[in-house]
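Below is one structure, written out as structure tokens; comments come after it.
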Amino acid sequence: MSHAARSLFVFGVYLCVLGLLLLLVPNLLLRLFGAPTTNEVWIRINGMFVLCLSFYYVQAARHGLAVFIRWTVWARGAVIIYFAAFVLLAAAPKALLVFGLIDLLAAVWTWLALKKDAGR
0 MSHAARSLFV FGVYLCVLGL LLLLVPNLLL RLFGAPTTNE VWIRINGMFV LCLSFYYVQA
60 ARHGLAVFIR WTVWARGAVI IYFAAFVLLA AAPKALLVFG LIDLLAAVWT WLALKKDAGR
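Residues 0 to 119 in numbering that gives the first Met the number 0 are what the sequence shown spells out, letter by letter.
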């Protein structure tokens with residue numbers, strides 16, 4: 000497995016755990032980050048989407064889909080921008096920035112890994 004694929008695989012596993020938490024015990028996660036709890040289904044639907052996204056990331060990594068891996072760098076790097084806008088403009092909990100930072104750091108890891116793989 001290439002360095003870039005490994006970085007995406009690890010991120011995919013992180014998303015799998017996050018998706019399962021949002022799907023199965025969303026209020027535990029919401030309380031942990033100081034967000035209001037909810038009984039609405041939307042949080043579980045988001046968990047389902049995150050879980051599905053994790054499947055794509057893990058499979059792309061396992062199969063070394065370099066073009067897909069490159070695409071994820073841009074998308075994951077943009078997450079912090081969206082989350083910051085949600086916090087600033089829509090009064091979203093500041094804890095959301097933690098998840099955006101994780102996405103950004105993981106995207107940088109993948110970007111650096113892509114550069115390393117290109118130099119082999």
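Idealized CB from N, CA, C, for every residue including glycine.
Determine the DSSP secondary structure at residue i, reduced to helix, strand or coil.
i: P92; result: coil
i: P35; result: coil
i: M47; result: helix
i: S6; result: helix
i: L64; result: coil
i: S53; result: helix
i: V16; result: helix
Considering only residues of the same chain and omitting the five flanking positions on each side of residue i, which have a CB-CB separation below 7 Å?
i: G11; result: S53, Y56, V57, A60
i: T36; result: N26, L29, R30
i: G33; result: P92, A94
Let me confirm a value: residue i is counted as buried when at least 16 other C-beta atoms fall within 10 Å, else exposed. Which label applies?
i: W73; result: exposed
i: R30; result: exposed
i: R119; result: exposed
i: W70; result: exposed
i: V121; result: The requested residue 121 is not part of the displayed model; the chain covers only 0 to 119.
i: I80; result: exposed
Between residue i and residue j, how many whole angstroms is the CB-CB distance? I'm expecting something under 8 Å.
i: L100; j: V86; result: Their Cβ separation, rounded to whole angstroms, is 12 Å, which puts L100 and V86 out of contact at 8 Å.
i: I42; j: P25; result: 4 Å
i: F98; j: F82; result: 7 Å
Excluding five sequence neighbours on each side, which residues of the same chain lie with their C-beta closer than 6 Å to the C-beta of residue i?
i: H2; result: A112, K115, D116
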